[in-house]
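Only one structure is covered here, and it is reproduced in the block below.
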Amino acid sequence: MIEIDHVSQVFRTSGRQEHLALSDISLTIEDGAFVSILGPSGCGKSTLLYIVGGFVNPTGGVAKVKGRPITGPGPDRGPVFQEFALFPWKSVLGNVMYGPRQQGVKRGDAEAQSRALIEMVGLKGFEHFYPKELSGGMKQRVALARTLAYHPAVLLMDEPFGALDAHTRTRLQNDLLNIWERDRKTVLFVTHSVEEAVFLSDKIVVMTRSPGRIKQIVDIGLPRPRRRAELLLDPRYQKYVVDIEGMIDDTSEDELHP
Amino acid sequence: MMSMRTLVTRSGPLLACLGLLGIWQIAALILNTDSFPTAMDAIRAIPSILGDKESLINILASLRRMAIGFSLAVMLSIPLGLTMGRSRGVASFFNPLLMVIYPVPKAALMPIIMLWLGVGDVSKTLVIFLGVSLPVIYHSIQGAKAVEEKMLWSGAAMGLSAAQRMIRIVLPAALPEILTGCRTGLVLALITMITSEMIARQSGAGNILFNALDMGQYDTVYAMIIIIGAMGIGLDAAFEKLRAQLVNWSEPRFDLPLSFS
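Okay, here's the thing in structure tokens:
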């Protein structure tokens, strides 16, 4: 379980001004839940994810994982970034093996596990390619496999499909859902796409524009396993999308007429 | 089989050399003065230099100083540059010092260094060391600065400590940039090597060159210039080959050959 307790984040800009990025966020994420954080750009949603990752220390409040305050990054929380952040000097296999090797898994075992993961994300045959030789979608598949390889209890996904074209994005969403439905890791998923959030999540945290506050938390009661073709025709899915889009519209209007 | 195109690109540098030698030959024939021997005369003088034991010892002494100065500089500059690139504190501590040293021609420091350390190997190696250090430090800083934050975060999540991230992420990620600095450093090592031997004449390739100049042996002067030039080209080509192998993961697939390799 992840507990975020009255967390706020102030950044100092280069002009020595203080910018409130997150204001008093409290949120609890149950084990095995797929939770999306949805909001306009600049609402601090990625910052919230970085705080849970331990990459950024909150200026106020406390974030806990399994009851313990987060003091830094750890292999129990695996990030997947929009920028992929692969190690370009390592092959696909080298990237995926990196985590297990760091955790002390024997080379042979790490390689076998990694090859299986690479196959699972659909990249069999690309084991010895370097990241520069892969497309964006393939790079993100490698990044996902690399993170899954060290078995984090929580996946932290920071707009992972944001840099991909629509077609690749859809395919990766489907594949992510298939993978997730197998082992039901806790997922914290940051996105600004309403459809993506509704399609994937159990729960959506809608945030306001800066300073980032939680506007509303919506439970998505759509049955699983979800199939895109069925879902798109489902009036409940459509209603969620329309309702949540409305919340985001309201948010921008708040901004215009405070 | 080699295609026509690769044949032309491969032989390009060679053709350029032959062209230069040709122009030299014609210019020398036209000018016809003692102090400007023809290319053929200069080339003919090469075997006698390379066959002479004394000269060979001199050239090898030069290369040894260069190798030691270059290696020490690289070994110290890379860690320093990478730390400066990642830590604001370390950078602001060393930056003023480097900014003062950077624009000073290293050969201009030679007289002071000679006063303190004598005219032997130590002074000359130190000048080479200084000449190589700065580009390597500079490029290491740039390389370390450019390392994607998220790449380091990914490593931290896998359990890499700060020191491990430095060696296992920052170093390899910055390697292409570091090696660019080393390549500049290698050429500078050759330049400072010759200049140092010009100032503190005692041994070395530069010593042969300037002694020959004093004695009016112009064939030898030009032959030495060819030998030193060939050393530079050879070292650079060898280094380029090594570099390309070390960072083939980062190279764009099609590139103009910028060296003789």
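Protein chains in written order, with our numbering: chain A, 39 to 296; chain B, 266 to 526. Note that beta-carbon positions come from the ideal geometry of N, C-alpha and C, so glycine has one too.
Residues of chain B with a Cβ closer than 8 Å to the Cβ of residue 113 of chain A are, in chain order, 422, 423, 424. No Cβ of chain B is located within less than 7 Å of the beta carbon of residue 59 of chain A.
With a contact defined as Cβ atoms closer than 8 Å, residue 350 of chain B and residue 434 of chain B miss out at about 13 Å.
At a Cβ-Cβ threshold of 7 Å, residue 272 of chain A and residue 72 of chain A do not count as neighbours.
The Cβ atoms of residue 91 of chain A and residue 214 of chain A lie no closer than 7 Å to each other. A:174 is the residue among A:108, A:184, A:174 whose C-alpha sits nearest the C-alpha of residue 210 of chain A. As DSSP reads the structure, residue 265 of chain A sits in no beta bridge. In summary, residue 118 of chain A is buried, with 16 or more beta-carbon neighbours lying within 10 Å of its beta-carbon over all protein chains present. Residue range 83-91 is occupied by the alpha helix (DSSP H) that includes residue 83 of chain A. Assignment of residue 269 of chain B by DSSP, reduced to helix, strand and coil, places it in the helix class. Residue contact check for residue 405 of chain B against chain A: no CB pair falls below 7 Å. Think of a sphere of 7 Å around the beta carbon of residue 381 of chain B: no beta carbon from chain A falls inside it, the nearest being about 42 Å out. Around residue 417 of chain B, the same chain offers 430, 434 as residues with beta carbons nearer than 7 Å, after the five sequence neighbours per side are excluded. The three-state reading of DSSP puts residue 411 of chain B in coil, since its state is none of H, G, I, E or B.
Closer than 7 Å to the CB of residue 126 of chain A there is at least one CB belonging to chain B. Under the three-pair Cβ rule at 8 Å, the segment 66-80 of chain A counts as touching the segment 218-226 of chain A.
Under the Cβ criterion of 7 Å, residue 419 of chain B is counted among the residues facing chain A. The beta carbon of residue 263 of chain A does not come within 7 Å of any beta carbon belonging to chain B, so the residue lies off that interface. Listed along chain A are 121, 123, each with a C-beta nearer than 7 Å to that of residue 413 of chain B.
In the DSSP assignment, residue 101 of chain A is bridged to A:42. For residue 174 of chain A, the closest Cβ of chain B is not nearer than 7 Å. Interface residue (Cβ-Cβ distance to chain B less than 7 Å): residue 140 of chain A is classified as such. Taking C-beta separations shorter than 6 Å and ignoring five residues to either side along the sequence, the partners of residue 251 of chain A in its chain run 61, following chain order. Taking all protein chains in view, the Cβ of residue 510 of chain B is surrounded by fewer than 16 other Cβ atoms within 10 Å, so the residue is classified as exposed.
By the neighbour-count criterion, in which 16 or more other beta carbons inside 10 Å mark a residue as buried, residue 448 of chain B falls on the buried side. In terms of Cα proximity to residue 46 of chain A, the closest of A:55, A:53, A:83 is A:83. Chain B has no Cβ within less than 7 Å of the Cβ of residue 278 of chain A.
In this structure, the alpha-carbon of residue 327 of chain B lies about 21 Å from that of residue 483 of chain B. One alpha carbon belongs to residue 236 of chain A, the other to residue 258 of chain A, and they sit about 7 Å apart.
For residue 117 of chain A, the neighbours in chain B by C-beta distance under 7 Å run, in chain order, 418, 419, 422. In the DSSP secondary-structure assignment, residue 196 of chain A is bridged to A:119, A:228. Excluding residues up to 5 positions away in sequence, 122, 124, 169 lie with their Cβ nearer than 8 Å to the Cβ of residue 177 of chain A in the same chain.
Here the segment 101-119 of chain A makes contact with the segment 183-198 of chain A; the two share three or more CB pairs at distances below 8 Å. Distance between residue 207 of chain A and residue 164 of chain A, taken at the CA atoms: about 20 Å.
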